[in-house]
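What follows is a short report on a single structure.
In the numbering used here, the protein residues as written are 767 to 1013.
The structure is reproduced here in structure tokens:
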């Protein structure tokens, strides 16, 4: 039994961008939220404040998901506070736009550690907790880059391809009590002053549906998989407007 009324979701990278939108969407669906962050503490506090304004509970916890000790500490604190974790959303991710000839070992290691190892560490420990309870859902945020090669984002693409296979392996290993799925967004309409300076924007005429995704279109699928998709596991859902169909 949870110590707090309602179910609890832990969302990694929840302070900004898609992680924030997912956290708010889940709060509206009735979840209390563990708001994980690494560097964006102020943004995480604002996310938590907005969650509480929706009538749900929120706990902010700073942890590097690529560090097993920090992951363990975060999960322990979450269980102490809420009594259980019903949903894990592995959203924490880093991105670098770097031509192959300039790619460094440190960028490679940091990207794979955060995007893939972090997903593994959180899923392994929380997955065991869910198995013990015989109930739980894990949703991994992959990417269109996990199925289409982008030469200037090689570490990111490789990490997200790994997340896709990790999703399938964990879905098989944690069945029948825990469902594990992945969402692979394409280009989302979320302007970012930092990313927009370094990342070229995909022209919409190269997307069959001629637009970017709205954040809520991804959030709606997260909520569906968490609350309704009871016969769905091991699947990867592309939300890309058909971009994966193009060369």
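For glycine and all other residues, C-beta sits at the position ideal for the given N, C-alpha and C.
Here the structure is a predicted model, which is why all the values come from computation and not from measurement.
Beta strand (DSSP E) containing residue 1070: first to last residue?
The structure shown does not extend to residue 1070, since the chain is modelled only from 767 through 1013, so no value can be given for it.
Kindly give me the distance between the Cβ atoms of residue 790 and residue 992, rounded to whole angstroms, as I take these residues to be in contact under 8 angstroms.
At roughly 14 angstroms, the Cβ-Cβ gap does not stay under 8 angstroms, so residue 790 and residue 992 are not in contact.
Does DSSP put residue 947 in a helix, in a strand, or in coil?
strand
Should residue 863 go down as buried or exposed, given a rule of 16 or more other Cβ atoms within 10 Å for buried?
exposed
With three or more beta-carbon pairs closer than 8 angstroms as the criterion, would you say the segment 803–817 touches the segment 996–1006?
no
Have a look at residue 898 and residue 972 and give me their C-alpha separation to the nearest angstrom.
46 angstroms
Rounded to whole angstroms, what's the CA-CA distance from residue 797 to residue 868? Just pull it up for me.
43 angstroms
Could you tell me how far apart the beta carbons of residue 893 and residue 936 are, in whole angstroms, since I believe they sit closer than 8 angstroms?
6 angstroms
Given this structure, state the Cα-to-Cα distance separating residue 901 from residue 866, to the nearest angstrom.
43 angstroms
In whole angstroms, what is the alpha-carbon distance linking residue 980 and residue 988?
14 angstroms
Tell whether a beta-carbon distance below 7 angstroms holds between residue 954 and residue 922.
Cβ distance not < 7 angstroms, so residue 954 and residue 922 don't count as in contact.
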